[in-house]
Structure formats: C-alpha cells, structure tokens
Amino acid sequence: MIVAESSCAVSVLNWASVYLKNVVRVIDSSTAAVIFDVDETLYFPCPCQHPSPPPDVLRLYHEALQHGFQIYFITARIHTEVNREQTWNLLHAMGFTKFKGLFLMPEEYLTYPNASSYKALLRDAIQREGVNIVLNLGNRFQDLMLLPPFQIDEEAHETRKELLLLPNNRFFILQVPDVSWVSIKFPTHGCEPWE
Numbered sequence: 001m002i003v004a005e006s007s008c009a010v011s012v013l014n015w016a017s018v019y020l021k022n023v024v025r026v027i028d029s030s031t032a033a034v035i036f037d038v039d040e041t042l043y044f045p046c047p048c049q050h051p052s053p054p055p056d057v058l059r060l061y062h063e064a065l066q067h068g069f070q071i072y073f074i075t076a077r078i079h080t081e082v083n084r085e086q087t088w089n090l091l092h093a094m095g096f097t098k099f100k101g102l103f104l105m106p107e108e109y110l111t112y113p114n115a116s117s118y119k120a121l122l123r124d125a126i127q128r129e130g131v132n133i134v135l136n137l138g139n140r141f142q143d144l145m146l147l148p149p150f151q152i153d154e155e156a157h158e159t160r161k162e163l164l165l166l167p168n169n170r171f172f173i174l175q176v177p178d179v180s181w182v183s184i185k186f187p188t189h190g191c192e193p194w195e
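Everything in the sequence shown is counted per the working numbering, starting at 1 for the first residue and increasing by one.
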C-alpha cells in the first residue's frame with residue numbers, strides 16, 4: 001500500500017522524521033529499530049566525489065539515534081572479511097558510527113531473488129530477538145519486503161507484484177502487507193535525486 005510518493009528526497013525524509021517522533025511517543029524506542037540499506041541509500045558510489053551520505057539521510061540516522069532506536073545496516077554486499085572491513089570503514093567515514101548490527105550477504109544468496117530472502121530472514125531474526133522494526137529504508141524492493149515466489153499469501157503477493165511495477169525514479173513511502181513497519185523506497189539511479 002502506497003502511503004505517499006515524491007520526487008523530492010527532502011520531503012520524504014522529513015515525513016520519516018515526523019513519523020519517528022510520533023512512534024517514539026507510543027513505543028519503547030530502546031526495543032525498536034530502524035533498518036538502512038547501504039548502497040544507493042546511505043551512499044551513492046559516484047567516482048567524481050568523496051564518499052558522503054545524502055545530508056537528509058544522515059540527519060534521519062542521527063534523529064533515530066537521539067530517539068533511542070537501534071540501528072541496523074543490512075546490505076547485499078557479499079560477506080567477505082575485506083568487504084566487511086571496507087563497509088565498516090565507509091560507514092564510519094560518512095558519520096554512521098553507532099549501530100547495533102551490520103549484515104553482509106553470504107555468497108549462497110547471490111542470485112536474484114535470494115537477496116530478498118536473505119534480507120527477510122535477517123529482519124525476522126531481528127524481530128525474534130524482541131526488537132520491533134519501525135522503519136526500513138532501501139533503494140530496491142528486495143530491501144523492503146519478501147518478493148515472489150517466496151510469498152504464499154495471494155493478496156500480499158498481488159500487492160507486491162503491483163509495487164514492483166512502480167517507477168524507479170521516485171521515492172515511495174509504503175506500508176507493505178503482513179509487516180508492522182513502514183518502508184521508504186529510494187530511486188535506483190545514482191546521485192541525481194540528491195543533487
């Protein structure tokens with residue numbers, strides 16, 4: 001279910017900021033989490049620039065920390081010691097220094113749509129630890145939901161197929177069936193949305 005859409009990153013992230021302020025009024029934020037994807041969400045690999053996050057994403061991250069939310073980074077980068085160290089260093093260099101977890105994808109999940117399955121399994125594992133996910137941000141639908149063919153619920157399956165047809169050049173605020181959190185889907189085309 002689409003809550004809102006925009007071509008403007010600032011308006012969507014401002015909405016997310018207000019959303020977190022409202023959530024913290026009704027739940028214990030110390031047992032709640034915000035999940036971020038890494039590439040093309042926190043970081044846009046532009047060869048002409050020094051790695052830096054979009055300022056509004058960094059602001060949202062700091063607001064989530066100030067409200068007491070746990071922060072998790074779940075990326076489809078392949079898990080190797082080198083990749084883990086590079087990702088850790090990149091996050092710290094960009095100002096993402098406090099977080100509960102950084103998860104890189106095991107190689108056996110490399111083929112599509114297994115990244116969707118991997119990320120869904122991690123979100124489930126986080127929730128089984130008693131953590132309530134309240135916000136999930138990413139640039140691909142695999143970052144936000146379990147994609148077909150893994151979904152059994154036909155109504156949710158139809159909703160997911162409809163969402164996959166959305167244009168990739170806009171921001172979407174989504175309430176996906178069968179999950180309790182809100183998701184923000186970023187465009188998937190480099191630096192342009194942030195300029």
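Positions of the beta carbon are idealized from the N, C-alpha and C atoms, including for glycine.
Which same chain residues, not among the five before or five after residue i, have their C-beta less than 8 Å away from its C-beta?
{"i": "Asn-14", "result": "Asp-56"}
{"i": "Asn-83", "result": "Arg-77, Leu-104"}
{"i": "Lys-98", "result": "Leu-65, Ile-71"}
Who are the near neighbours of residue i in its chain, counting only those whose CB is closer than 6 Å to its CB and skipping five residues on each side?
{"i": "Ala-32", "result": "Phe-69, Asn-132, Val-134"}
{"i": "Asn-136", "result": "Ile-35, Leu-144, Trp-181, Ser-183"}
{"i": "Ile-152", "result": "Its pLDDT being 43, under 50, Ile-152 is placed unreliably by the model, and the measurement read from it follows with that caveat. Result list for Ile-152: empty, nothing under 6 Å."}
Going along the chain, which residues of its own chain have a beta-carbon closer than 7 Å to the beta-carbon of residue i, five neighbours each way excluded?
{"i": "Phe-96", "result": "Leu-42, Tyr-61"}
{"i": "Ala-64", "result": "Leu-20, Val-34, Ile-71"}
{"i": "Ser-52", "result": "Met-94"}
Less than 8 Å between the CB atoms is what I'm expecting for residue i and residue j, so what's the real figure, rounded?
{"i": "Phe-73", "j": "Leu-102", "result": "5 Å"}
{"i": "Asp-39", "j": "Thr-75", "result": "7 Å"}
{"i": "Asp-143", "j": "Asp-37", "result": "4 Å"}
Using the Cβ count rule (16 or more neighbours within 10 Å means buried), how would you classify residue i?
{"i": "Val-12", "result": "buried"}
{"i": "Leu-91", "result": "buried"}
In the structure shown, what three-state DSSP assignment does residue i receive?
{"i": "Asp-124", "result": "helix"}
{"i": "Ser-52", "result": "coil"}
{"i": "Leu-65", "result": "helix"}
{"i": "Arg-25", "result": "helix"}
{"i": "Thr-31", "result": "helix"}
{"i": "Arg-77", "result": "strand"}
{"i": "Val-38", "result": "coil"}
{"i": "Val-12", "result": "helix"}
Note down the Cα distance separating residue i from residue j, rounded to an integer number of angstroms.
{"i": "Arg-77", "j": "Val-23", "result": "30 Å"}
{"i": "Thr-202", "j": "His-79", "result": "What is shown of the chain runs 1 to 195, which leaves residue 202 out entirely."}
{"i": "Pro-45", "j": "Lys-100", "result": "24 Å"}
{"i": "His-67", "j": "Val-10", "result": "20 Å"}
{"i": "Tyr-118", "j": "Pro-106", "result": "8 Å"}
{"i": "Leu-121", "j": "His-50", "result": "33 Å"}
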